[in-house]
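Protein chains in written order, with the working numbering: chain A, 46 to 590; chain B, 46 to 590.
The C-beta atom is built at its ideal place from N, Cα and C for all residues, glycine as well.
Since this is a predicted model, take the numbers as computed values, not measurements.
To start, the structure under review is shown below, and the notes come after it.
Protein chains: 2
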Amino acid sequence: MPDERTELSPTGWGPAESAHDLPSAGRKWLHREIGWTPRDTPAEALAAVTTAATRLSDSSSSALIEIVGEDQVRTDGPSRLRRGAGRSYLDLIRRRSGDVSGLPDAVVLPGSHDEVLAVLSRCVEDDIAVVPFGGGTSVVGGLGGDGGEHRAVVALDVARLNAIDSIDAKSLLVTAGAGLRGPEFEARMARYGLTLGHFPQSYEYATLGGYAATRSVGQASTGYGRFDELVSGVRLATPVGSWQVGRAPASAAGPDLLGLVLGSEGVLGVITELTLRVRPAPETKHYEGWSFRSLPRALEGLRQLARAELLPDIARLSDPDETRANIVLAASSKANALQTLLRARGHGAGCLLIVGWEGDTDSVGVRRRAASSLLRRCEAVRIGRSVGQSWLSSRYSGPYLRDALLDVGLLVETLETAASWSDLAEVYQATREALITSLSTADKKPLVMCHVSHVYPTGASLYFTVLADRDDDRPLQQWLLAKRAATDALLSAGGVLTHHHAVGIDHAPWLSREIGDLGVAVLHAVKDRLDPTGICNPCVLFGRP
Amino acid sequence: MPDERTELSPTGWGPAESAHDLPSAGRKWLHREIGWTPRDTPAEALAAVTTAATRLSDSSSSALIEIVGEDQVRTDGPSRLRRGAGRSYLDLIRRRSGDVSGLPDAVVLPGSHDEVLAVLSRCVEDDIAVVPFGGGTSVVGGLGGDGGEHRAVVALDVARLNAIDSIDAKSLLVTAGAGLRGPEFEARMARYGLTLGHFPQSYEYATLGGYAATRSVGQASTGYGRFDELVSGVRLATPVGSWQVGRAPASAAGPDLLGLVLGSEGVLGVITELTLRVRPAPETKHYEGWSFRSLPRALEGLRQLARAELLPDIARLSDPDETRANIVLAASSKANALQTLLRARGHGAGCLLIVGWEGDTDSVGVRRRAASSLLRRCEAVRIGRSVGQSWLSSRYSGPYLRDALLDVGLLVETLETAASWSDLAEVYQATREALITSLSTADKKPLVMCHVSHVYPTGASLYFTVLADRDDDRPLQQWLLAKRAATDALLSAGGVLTHHHAVGIDHAPWLSREIGDLGVAVLHAVKDRLDPTGICNPCVLFGRP
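The structure is reproduced here in structure tokens:
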């Protein structure tokens, strides 16, 4: 894990030295599978590229400096570049080609809630759009945008809002600044024997505020709950004032307004502080692997676990293609041995399930035994702990590996959805087929892998990873067509628009299909009330105005 | 349990024949405790009272009949009286004194979602307020109101929206009409081996739509979840059209709009249909009683259970006064024996805890053993199953007993809140003291009892029941002053305005204190968008316009 304030690279995920390599066995296999030939496609060196001049006027700049201090208003190229986009495939392909458009005119780093309020006020006055910036890990264009029709745009970086204001260990409630990152927060909680239990793949970089603004879901959310379930209150700075929303433990005083702020992606204002539900840190963690003969059997196994209220805290089921790719790409003697074992059991084209149990030792034992017995009745085979440990140790490594794949001419992107158990198989098939069809050519086809990473009594999530030979002439168009086909397909089959990546710019065209025209109208009404001049993250959620 | 379409009496809860009597030992004890002398204070016979003429114009009436049919528009006195108020102490005292003000001008019973839409359209055109009516069990004035400044007001009774449209047993999702009552719904579910698990005290009368509109909480909600957690989608008919809100199993596509409809108390439109999360019906139900020496120890015991994730499905803890009153009012040899036992254990002024476990037999056994062991470490004493069974058999009887108490000169009312574990003791004390102070006179004092009925990791609910000698000259004023004092006190101490009774008219004055001025402004913006002429339940939530 990088140290706490390590920043993402503008053209990839981690700092260059942490880039992972694709093993040569994997290269050969991918060549055979998808018709891709490794080639050097390095990122442009952005240091050499000139960024557009800032549109921030001197008077606006002085006014903002007056509020936050000289050092906290930055208009230099690198500062703006670092906050200018998220880390979707589209973002990275643009930046890697030397395209540095869409940068904020300045970065502003307020040091308190009141400073955020003052910044918003000034931006209303000067017609400057404000894009909240947390960790920069959005993969749906959540940070993009040139400010729409406003005179300029600033990135409001919440990094300095990083205090822990109160720890109520008795009520398991902690109030903390929106700019805290997961590792910093967990380290502070560990001193009190507590944990939040929120571990998305973006964990090393993403902030608490970003989790809340996007309804993040973590790898352990089956057990610990989605991030929206971990928030009991937020403090929102809006252009029309301060709003403290949410009361613990529960209230029946009218509609739930906290849920309106969670997932609001910056369009209603800036989340500056959150009150979070924490838990006692687990005494025991037990991870292990299981195998199913086929995907339908595996999904039925997960459904039975959910129905019996025996779900583990982590449940991550790979489809046959992802299972196979993981074994091949691991390229180790252990992985080969595993493959031999699975073949011998008739699971040669099977599905790997990683389960994780966390909690006090007794209860982990009891839950695990009951679930194991049910898994066996569903004809699953236990593979053992090393597979689980191996997943655990590489749980944040995917995006680093992506950097390496982007360097050698691959298209690599993910998309996700969720559906009820009744619709899940059809959503899986329809999405997969749409991706395969749209990314296939006469002699090439993509590798479409999928896993379930979050399980509910009523259904589950589906997370697709796509690898294909990149169309070097039209890489953006290549993915946009595939994404459009897949999204249309998954919505038609009954999937949700997004289970945990949020809307951003990328999903905005489908929002009314997801929440209805009246839903969009209601959100507009709320936005108009809190942000009458429309300066708050104007390009996301509803799409470019 | 009355049969499915038995109706509440306009002056009380159940039909007259089901009224319960106060045992004579209880009468004597109450006389000593609170200085009350039994006297006959029967309800006026409303049949003899003339209701105000309907303000519904002939043209409106014809138009509504055109939509829903001749039999489904009712302007007779009894029909209007039956939907004219909820069942709070204030409602009942008014009706019992012969006050039949605030009646709707007509009752309309649409038979479909489209009919509801058409009724709303016509009411917009004719400036008629619409108050949705489910079971009539509101205790916060949720059905009250004369329509504000509109020309007339109709009660829109959802009773005919009572179909079960789909049962997806695989995904545990059921879509049903808003007018279904709990017993009807559970009976239908039982045929499929399913249950909703929602059992509020109003269970015999309340409707699914009412549960959703008020964020109902049931007696088993610690295990099964609050009603808002059981809803995965609703269909809302609004003056500007239809809105289908909510997608299973989960979505990160922007703010949560379902939570905006849940708890909306009819101000945004009429909930006509719900998709609910059901569960396999439990194989085993095990209820039993435990005793704690004191309230602080008992609260700590519940907190420890929550922290260890060992909460039972039902947890109902009575404070010392409620424990004592239950034993005395039961007036049975069993109750006397229990009291002797508790005294012998040093629990003479202790707290009774009812716990209930539901589920498959193995899991109930495992959970119960682990929780029992923790309860013993918290110095609780197990009393056995008969106390639990006795609670179970009388779980819906409280409001029937209230009818009997109202007949003999008592003030009897409840109020509720919730608070974090850190604030809970102070909220308890402050509320109790406010009630005692405001209801005491030179020679009389109230009996203030309290129980915890819903437990969360972060806190718990508090439910107060008050008995006092009624001020026969100013009964309404007597309670209004006490309610105001108690509400101010509980809010100041950190409690929520209401944990499960909703806002209605009664809590409206405190809404901005609970959700902030911006919260109220946001709700107004949403209402203005969906109900531009303000015809939807105009007197609740925000208060009389």
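Query                                                                                                                                                                         : Result
How big is the Cα-Cα spacing for valine 152/B and valine 411/B?                                                                                                               : 51 angstroms
Excluding the 5 residues flanking valine 219/B on each side, which residues of the same chain have their C-beta closer than 6 angstroms to its C-beta?                        : Ile212, Leu321, Val323
So which of Leu206/B, Pro300/B, Ala130/B has the shortest CA-CA distance to serine 557/A?                                                                                     : Pro300/B
I need the DSSP call for threonine 543/A, collapsed to helix, strand or coil.                                                                                                 : coil
What is the rounded straight-line gap between the Cα of leucine 53/A and the Cα of glycine 181/A?                                                                             : 8 angstroms
Specify the secondary structure class of glycine 334/B as computed by DSSP and reduced to three states.                                                                       : strand
Pull up the distance between the alpha-carbon of proline 177/B and that of alanine 394/A, whole angstroms please.                                                             : 56 angstroms
Thinking C-alpha only, which one of Ala90/A, Gln246/A, Ser418/A, Arg119/A is nearest proline 444/A?                                                                           : Gln246/A
Less than 8 angstroms between the CB atoms is what I'm expecting for cysteine 584/B and glycine 193/B, so what's the real figure, rounded?                                    : 6 angstroms
Which runs of the alpha helix (DSSP H), 4 residues or longer, sit entirely within the stretch 482-545 of chain A?                                                             : 520-537
Just verifying my parser: in three-state terms, what is the DSSP assignment at isoleucine 428/B?                                                                              : strand
Considering only the alpha carbon of each residue, which of Asp85/B, Pro55/B, Asp172/B lies closest to proline 123/B?                                                         : Pro55/B
Does any residue of chain B have a CB that is nearer than 7 angstroms to the CB of methionine 46/A?                                                                           : Note that methionine 46/A scores 33 on pLDDT, short of 50, meaning its location in the model is unreliable; the coordinates nonetheless yield the value given after this. Taking Cβ atoms only, chain B never reaches closer than 7 angstroms to methionine 46/A, which makes this a no.
Would you mind stating whether arginine 100/B and proline 83/B have Cβ atoms separated by less than 7 angstroms?                                                              : no
Does tyrosine 237/B pass the burial test, meaning 16 or more other C-beta atoms within 10 Å, or should it be called exposed?                                                  : exposed
If the cut is a Cβ gap below 9 angstroms, which residues of chain B does valine 472/A touch?                                                                                  : Here the premise fails: no neighbours, minimum Cβ distance about 12 angstroms.
Threshold first: 4 residues or longer. Then list the alpha helix (DSSP H) segments lying entirely within the stretch 100-181 of chain B, N to C.                              : 103-113, 122-127, 134-141, 158-171
Taking leucine 206/A as the query, report the chain B residues whose CB atoms sit under 9 angstroms from its CB, ordered along the chain.                                     : None at all; the shortest Cβ gap to chain B is about 20 angstroms.
Starting from the N-terminal side, write out each stretch of the beta strand (DSSP E) that is 3 residues or longer and does not extend beyond the stretch 347-387 of chain B. : 359-363
Check each candidate in Arg233/B, Ala197/B, Leu217/B, Asp191/B and name the one with the smallest Cα separation from asparagine 207/B.                                        : Arg233/B
Tell me, which residues are paired with isoleucine 580/B by DSSP?                                                                                                             : According to DSSP, isoleucine 580/B bridges with nothing at all.
Determine the DSSP secondary structure at glutamate 231/A, reduced to helix, strand or coil.                                                                                  : helix
Cutting at 6 angstroms between CB atoms, please list the residues of its own chain near arginine 119/B, excluding the five before and the five after it.                      : Val152
Whose C-beta lies closer than 6 angstroms to the C-beta of serine 157/A among residues of the same chain, with five residues either side of it excluded?                      : none
Can you give me the C-alpha to C-alpha distance between leucine 263/A and threonine 317/A, rounded to a whole angstrom?                                                       : Per the sequence presented here, residue 263/A reads as glycine, with leucine not at that position. Cα-Cα distance, rounded: 21 angstroms.
Run through the DSSP bridge pairs and tell me what serine 465/B is partnered with.                                                                                            : Gly504/B
Return the bridge partner residues of tryptophan 288/B from the DSSP annotation.                                                                                              : Leu281/B
Check whether the Cβ of aspartate 191/B lies closer than 7 angstroms to any Cβ atom in chain A.                                                                               : no
For arginine 589/A, is the classification buried or exposed, using 16 other Cβ atoms within 10 angstroms of its Cβ as the cut-off for buried?                                 : exposed
For glutamate 559/B, go through chain A and note every residue whose CB falls closer than 9 angstroms to its CB, in chain order.                                              : Arg292, Ser296, Ala298, Gly299
How would you write the range of the alpha helix (DSSP H) that glutamate 318/B sits in, first residue to last?                                                                : No alpha helix (DSSP H) holds glutamate 318/B; the beta strand (DSSP E) holding it covers 315-322.
Closer than 8 angstroms, Cβ to Cβ, to anything on chain B: give me those residues from the stretch 155-175 of chain A, in chain order.                                        : none
Following the continuous alpha helix (DSSP H) through leucine 91/B, name the residue where it begins and the one where it ends.                                               : No alpha helix (DSSP H) holds leucine 91/B; DSSP gives it neither H nor E.
Distance check for isoleucine 372/A and isoleucine 359/A, CA to CA, integer angstroms please.                                                                                 : 20 angstroms
Please say whether alanine 531/B and leucine 651/B have beta carbons closer to each other than 7 angstroms?                                                                   : Outside the modelled stretch of chain B, which goes from 46 to 590, sits residue 651/B, for which no answer is possible.
Would you mind working out which of Ala163/B, Ser261/B, Glu115/B, Ala351/B sits nearest threonine 503/B, comparing C-alpha positions?                                         : Ala351/B
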